[in-house]
Amino acid sequence: MARALITMPKSAKRGEIIEIRALIGHPMETGYRPDANGKTLPRDIIRSFVCRYNGEQVFGAELHPAMSANPYIAFHTVATESGTLEFTWDGDNGFSQTETVAITVSG
Amino acid sequence: MNLRRRKLLAIAAALVVARPALATTAEMKAAIAAFAGGAEPRAGRVTLDVAKLVDNGNAVPITVSVDSPMTALDHVVAIAVFNERNPNTDVVKFALGPRAGKAVVATRIRMATSQKLVAVARMNDGCAWSATADVIVTLAACVEGDG
Amino acid sequence: MMRYLVLLAAVASMGADQRKPGSDFMGESTRAMQRDDSQNPAMLWVGDGEALWRDKVNGKSCAGCHADAATSMKGVAARFPAFDPHGKKPVNLAQRINQCRVAKQDAAPFKPESKELLGLESYLALQSRGMPVNPPQDKRLKPFTASGEKLFFQRMGQLNLSCAQCHDDNAGKRLASSPIPQGHANAYPIYRLEWQGVGSLQRRLRNCMSGVRAEAPPYGALELVELELYLAARAKGMTIESPGVRP
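Chains as they are written, first to last, in the working numbering: chain A, 57 to 163; chain B, 6 to 152; chain C, 77 to 323.
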């Protein structure tokens, strides 16, 4: 389990645009770097990041090796209703992690 | 030039080309065109925020903003970032939609060397817009030893 | 010690502190990465440290004795390296953490630069963020601080350079297009963009030594702790930025 950090408001007014920041610990090994013996380290990256709001995808990202280690993505979404935001990262070597954050939407 | 010398030169040329390939301007242009749906994107509506001179190519913060009302009828469908000189021209592709509210995305990317970055936004009407930035990347002065 | 006192007197006579943290020498976007806890990659290590703080090892957790770190550990990182009465020499924070782990938790010490040790160190250092670097006024530390100062001014390696030559004499200038900072250790552990991860001050010191083609002492060596001790005295009063971000 990698360490993940999601920063977003826990509550919002209906229709308000909120900013979500997602940070996760992952080496994002490019597949181009040599090790101490000169042998190329195999690629090991997160390939996709998806945000689902009460089950519906509201944002997605397809990551390539040019994304930095410990990938950070900040994006926006409209606070439509109370519920759960689900953040899923999938990648090489069966990497898969989901974090959930609850949101209360009033008005 | 005799045939033998021509063959040797051809082999030499092939060996030079066979080194770990870096993305080329042509590859980047092709990737941009493919993402834009065949057409060349127009410059405008997209802002690519990145420092002109970065501290370290391992983590270059960028922000892509697209001027769009993000309504059901007029919104950004996807944003892609391409580079010119990394081994691969793709960096990241974001999928948006009217639920985004704002077409502003920030992340950190790797840049192998000083080069051009291009951000392209594809709209729901099929149009594509882009912004370009030239970034200078300095390398660390002291290299870490083993252990 | 004399040279340090002369420097301190010169600084005092100027009326303004000429010392600048490493963050002053970096680009604005790197400073923004450090300022913002939602963006600072070192916060991932802090999260690990926070979890380890509560983890029970052989029935005992750090929290079991020290309760809430935000209270009990406030200002602690600021006063390390400190004198260890058992070993009769200075120890840095990482060594102190390991001492507790061995003595109180009956567990093997964490390896230097391990995820766990850096996590705990980052978590504890965070509890001193914003406070001044506060080396202990402990007479027993004097000879070790003096040794550290001697090493700081000593030429070393195939490139035959001392720390002082770059970080005292040429700070602000550029070395192969990278700005040379003053070398104040007020933000450790740091997420170094070059490492793509968090590392300790000792890693950075060994990095510099390799850079001048000197043989770096092993992690935990007394010379390295003495150098850390001198750097703490040199940075006394500067604001702690831990966990920092550096290029």
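The beta-carbon is built from N, C-alpha and C at its ideal position, and this holds for glycine as well.
Beta carbon proximity, residue i to chain B, threshold 8 Å
i	result
LEU269/C	yes
MET314/C	no
PRO323/C	yes
ILE101/A	no
VAL161/A	no
GLN94/C	no
PHE151/A	no
PHE143/A	no
GLY320/C	no
Contacts of residue i in chain C (Cβ-Cβ under 8 Å)
i	result
LEU61/A	SER114, MET119, LEU120, GLY123
ALA56/B	GLY103, GLU104, SER105
Beta-carbon neighbours of residue i, restricted to chain B and to distances below 7 Å
i	result
THR106/C	ASP60
GLN272/C	ASN63
VAL157/A	Chain B residues near VAL157/A: none, gap ~16 Å exceeds 7 Å.
C-beta neighbour in chain C for residue i, strict 8 Å
i	result
PRO154/B	The first residue shown for chain B is 6 and the last is 152, placing residue 154/B beyond what the model contains.
ALA36/B	no
ALA117/B	no
ALA28/B	no
ASN126/A	yes
Range of the contiguous beta strand (DSSP E) that encloses residue i
i	result
LYS121/B	120-128
GLY116/A	112-119
VAL158/A	The sequence given here places Ala at residue 158/A; Val does not occur at that position. ALA158/A -> beta strand (DSSP E) spans 152-162.
ARG268/C	266-268
ALA130/A	128-134
ALA118/C	Premise fails: ALA118/C lies in the alpha helix (DSSP H), 118-130, not in any beta strand (DSSP E).
ALA136/B	133-142
THR29/B	Element bounds for THR29/B: n/a, residue is neither H nor E.
Range covered by the alpha helix (DSSP H) that runs through residue i
i	result
PRO219/C	218-228
ILE173/C	169-181
ALA158/C	Careful: ALA158/C lies outside any alpha helix (DSSP H), inside the beta strand (DSSP E) at 158-160.
TYR199/C	191-202
ARG107/C	104-111
THR147/C	145-148
GLY140/C	138-142
Cross-chain neighbours of residue i in chain C, by beta carbon under 7 Å
i	result
THR143/B	SER253, SER254
Cross-chain neighbours of residue i in chain B, by beta carbon under 9 Å
i	result
GLU118/A	ALA85, ASP95, VAL97, LYS98, PHE99, ALA100
MET109/C	ALA64, PRO66, ARG113
Cross-chain neighbours of residue i in chain A, by beta carbon under 7 Å
i	result
PRO92/B	TYR88
GLY106/B	ILE73, HIS132, THR133, VAL134
Chain-ordered neighbours of residue i on chain C, where CB pairs are closer than 9 Å
i	result
ALA133/B	Neighbours of ALA133/B on chain C: none; closest Cβ ~27 Å, over 9 Å.
LEU79/A	SER114, GLN115, ASN116, PRO117, MET119, LEU120
Integer Cβ distance of residue i from residue j, believed to fall under 8 Å
i	j	result
ALA105/B	PHE115/A	6 Å
ILE67/B	LEU53/B	7 Å
ARG90/B	ALA28/B	6 Å
ILE3/B	VAL86/B	Nothing about residue 3/B can be reported from this structure: the residues present for chain B run from 6 to 152 only.
GLN122/C	SER204/C	The displayed chain sequence assigns Val, not Gln, to residue 122/C. That belief does not hold up - the Cβ atoms of VAL122/C and SER204/C are roughly 13 Å apart, past 8 Å.
ALA118/C	PRO294/C	Wrong, their Cβ atoms sit about 25 Å apart, outside the cutoff.
LYS34/B	VAL140/B	No, LYS34/B and VAL140/B are not in contact; Cβ-Cβ is about 18 Å, not under 8 Å.
ILE101/A	GLU85/A	7 Å
ASP93/C	ASN134/C	Actually they do not touch by this definition, with Cβ atoms about 46 Å apart.
ALA126/B	ARG50/B	7 Å
PHE105/A	ILE129/A	6 Å
GLY98/C	HIS260/C	7 Å
Interface partners of residue i on chain B, CB under 8 Å
i	result
MET102/C	ASP60
is_contact[residue i, chain A] using C-beta, thresh 8 Å
i	result
ALA41/B	no
PRO25/B	Residue placement at PRO25/B is poorly supported in this model, since its pLDDT is 49, which falls under 50; the coordinates still yield a value, given next. Closer than 8 Å to some Cβ of chain A, the Cβ of PRO25/B qualifies, so yes.
VAL123/B	no
VAL81/B	no
THR137/B	no
VAL140/B	no
Contact set between residue i and chain A, taken where Cβ atoms lie within less than 8 Å
i	result
ASN88/B	ALA122
Check: residue i C-beta below 7 Å from any heavy atom of the ligand FAD
i	result
HIS260/C	Ligands displayed in this structure: none; no statement on the ligand FAD is therefore possible.
Closer than 9 Å at the beta carbon, the chain A residues around residue i
i	result
VAL51/B	Ordered by position in chain A, no residue passes the 9 Å Cβ test against VAL51/B, which lies about 16 Å from the chain.
VAL109/B	GLU75, ALA130, PHE131, HIS132
**Asked** Hey, which unbroken runs of the beta strand (DSSP E) at 3 residues or more fall wholly within the region 39-111 of chain B?
**Response** Correct list: 51-55, 65-71, 81-88, 95-100.
**Asked** At what residue ranges does the region 272-303 of chain C contain a whole run of the alpha helix (DSSP H), taking only runs of 4 or more?
**Response** Entirely contained in the region 272-303 of chain C, the alpha helix (DSSP H) runs reaching 4 residues are, in chain order, 277-287.
**Asked** Which runs of the beta strand (DSSP E) spanning at least 3 residues fall entirely within the region 57-103 of chain A, listed in chain order?
**Response** The DSSP assignment places complete beta strand (DSSP E) segments of no fewer than 3 residues inside the region 57-103 of chain A at 60-63, 67-69, 73-80, in order along the chain.
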